[in-house]
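One gets my numbering by counting positions in the sequence shown from 1 and adding 56 to each.
The structure appears right after this line, and notes come after that.
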Amino acid sequence: MRPHRHIPFIAMAIAALARPLARADELPATGPLALGDVVAYARAHNPELEAARQRQAAARAVPAQAAAWDDPTVAAESWNSPRAVPYDGAENNILKLSQRLPFPGKLGLKGRMAERDADMAAADARMTELTVLESVKQAYWDLWLTDRHLAVYTRDLELARELAAGAAGRYAVGTGGQPDVLRAEVERTHIATRLVTTRLERERAAARVNELLSRGPEEPLGTPVDPGPAHVPGPLDRLIALAREHHPELAVRGAAVAREKDDVALARRSYLPDFDLTFERFYNRVGRDGYGAMIAMTLPLPFKYRRDAALDEAHARLAGEEAMRRRALDRTAAAVKRGLAALEAAAAERELLASTHLPQAEQAFAASRGAYVAGNLDFTALVDSLRTIESTHLEHHEAAAAFEKAYASLETAVGGELPREERP
57 MRPHRHIPFI AMAIAALARP LARADELPAT GPLALGDVVA YARAHNPELE AARQRQAAAR
117 AVPAQAAAWD DPTVAAESWN SPRAVPYDGA ENNILKLSQR LPFPGKLGLK GRMAERDADM
177 AAADARMTEL TVLESVKQAY WDLWLTDRHL AVYTRDLELA RELAAGAAGR YAVGTGGQPD
237 VLRAEVERTH IATRLVTTRL ERERAAARVN ELLSRGPEEP LGTPVDPGPA HVPGPLDRLI
297 ALAREHHPEL AVRGAAVARE KDDVALARRS YLPDFDLTFE RFYNRVGRDG YGAMIAMTLP
357 LPFKYRRDAA LDEAHARLAG EEAMRRRALD RTAAAVKRGL AALEAAAAER ELLASTHLPQ
417 AEQAFAASRG AYVAGNLDFT ALVDSLRTIE STHLEHHEAA AAFEKAYASL ETAVGGELPR
477 EERP
């Protein structure tokens, strides 16, 4: 095992512990809203995570119970008691103390099986955390995207107003037509409508974030911070190795296999007898008082077929869990591959839009606007240029959000947070 594989997860754990406690207690209602603060708040307040932690704590309390002896038994026996009034007139009174003793090793195996169940509960809690935090990150970037859309529509609404004013001015002096004025007003109204609907989408996105944070749907949230550079982790074999070491689903399957191995060992020990020890104290009306002891044991062999069936069942369960572990390994590797491919595609689209399409759309709109002012371009072409720059800006922000969502999905596939060169 290469030690460097653990470095990203150790670094993330140290960073989480070093984060100020106040961040988990409050979130800004205005101003920048960092993703790290939202994640810390979710860890502290999400009820699904709290339920998973409590299930884990409950499972940790089971091994001590499973490995414990049965309660001892106290009994009182009186001979010829119906003729004895009062009780001390009986011929014999006997007090008994009994204890069931399983064959050595049986209780230890039951305790180890319960420990494996607790390990599975702990891994399930980590899996729940991965799933919830992925949802939190997805909701955060949805909220960021609506804010970016609002910024685009606000800017384009101002541009549309300028174009409408220009078209009205040209119409007033006789150099433009009334259709241009009407077309400009239609475009301005269209953008204003999208601005209103996007504000409603922002409220819906904020409500989703608040739901995951266990806050009221109307609780105010600040403005999500812009994402950093599109860094793609890799290579694939390193990510798969990280997933095989750290993914909680594999931990669940590994603990299940270990549990079934202990169950096979316990099924083998079922052929061995259990014992009952009894200590007695005699109180005799005639003769001296005394003590007695008795040992008894079960006889498993008369019903050996039942033990044989239990052993066959245990072997079958073990084989099934081993197959499920292999399936989990295959599924994890495939999920990492799909996640990395989706991330690389999102990164390529984001880079292409940022470096090529967006600058070209800005230049095309500036050229179209200049040509329209000079009278070398009709108003319809200018409106088309405005729509092009608007759609390009929207696509650019959607690509950035898609990259961040793909990054969150890849982290879930790997089984933990992956380091970023820069993270908001």
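C-beta: ideal position from N, C-alpha, C; glycine also.
Just so it is clear, the structure is predicted and the values come from calculations on it, not from any experiment.
Residue state for Pro103 is assigned as helix, using DSSP reduced to three classes.
For the options Phe331, Thr187 and Leu153, the alpha carbon positioned closest to that of Ala132 is the one of Leu153.
Counting only residues of its own chain and dropping the five nearest sequence neighbours on each side, Gln155 has a CB closer than 6 Å to the CB of Pro128 and Leu333. Contact annotation: Ser326 and Arg373 have beta-carbon atoms that are not nearer than 8 Å. Taking Leu268 as the centre and dropping the five residues before and after it, the same chain places the C-beta of Ala98, Asn102, Val188, Ser191, Val192 and Ala195 closer than 8 Å to its C-beta, in chain order. With fewer than 16 other CB atoms across the displayed protein chains lying within 10 angstroms of its CB, Trp125 is exposed.
Here the C-alpha atom of Asp173 lies approximately 28 Å from the C-alpha atom of Leu295. Excluding residues up to 5 positions away in sequence, Ala469 lie with their Cβ nearer than 7 Å to the Cβ of Ala391 in the same chain.
A Cβ-Cβ distance of about 14 Å is found for the pair Asp212 and Leu414, leaving them out of contact under the 8 Å criterion. Looking at the backbone, the Cα of Glu305 and that of Ala179 are separated by about 7 Å. For Glu133, the secondary structure class from DSSP, reduced to helix, strand or coil, is strand. Remark: fewer than three beta-carbon pairs, one from each stretch, lie closer than 8 Å, so the segment 272 to 286 and the segment 347 to 356 are not flagged as touching.
Burial is judged here by how many other beta carbons sit within 10 angstroms of a residue's own beta carbon; Phe421 has at least 16 and is buried. The three-state reading of DSSP puts Glu185 in helix, counting H, G and I together. Inter-residue distance for Trp200 and Ala389 is about 31 Å (C-alpha atoms, whole angstroms). Comparing alpha carbon positions, the residue from Phe338, Ala321 and Glu377 closest to Leu367 is Ala321.
Membership of Phe331 in the beta strand (DSSP E) is indicated by the continuous run Phe331 to Asn340. No residue range can be given for Tyr327, since it is assigned to no beta strand (DSSP E) and is classified by DSSP as neither H nor E. Val229 and Thr444 have their C-alpha atoms roughly 29 Å apart. Remark: fewer than three beta-carbon pairs, one from each stretch, lie closer than 8 Å, so the segment 111 to 119 and the segment 203 to 219 are not flagged as touching. Of the candidates Thr354, Ala123 and Ile351, the residue whose Cα lies closest to the Cα of Gly167 is Ala123. Note on the segment 188 to 257: there is no whole beta strand (DSSP E) run with a minimum of 3 residues.
Between the C-alpha atoms of Leu385 and Lys393 there is a straight-line separation of about 12 Å. Minimum Cα-Cα distance from Asp318 among the listed residues Phe459, Tyr209, Ile150 and Lys162 corresponds to Lys162. Check the Cα spacing between Arg258 and each of Glu451, Glu243, Glu274 and Thr245: the tightest is with Glu274. Judged by pairs of C-beta atoms under 8 Å, the segment 335 to 343 does not touch the segment 418 to 433, as fewer than three such pairs exist. With at least 16 other beta carbons inside 10 angstroms of its own, Ser424 counts as buried.
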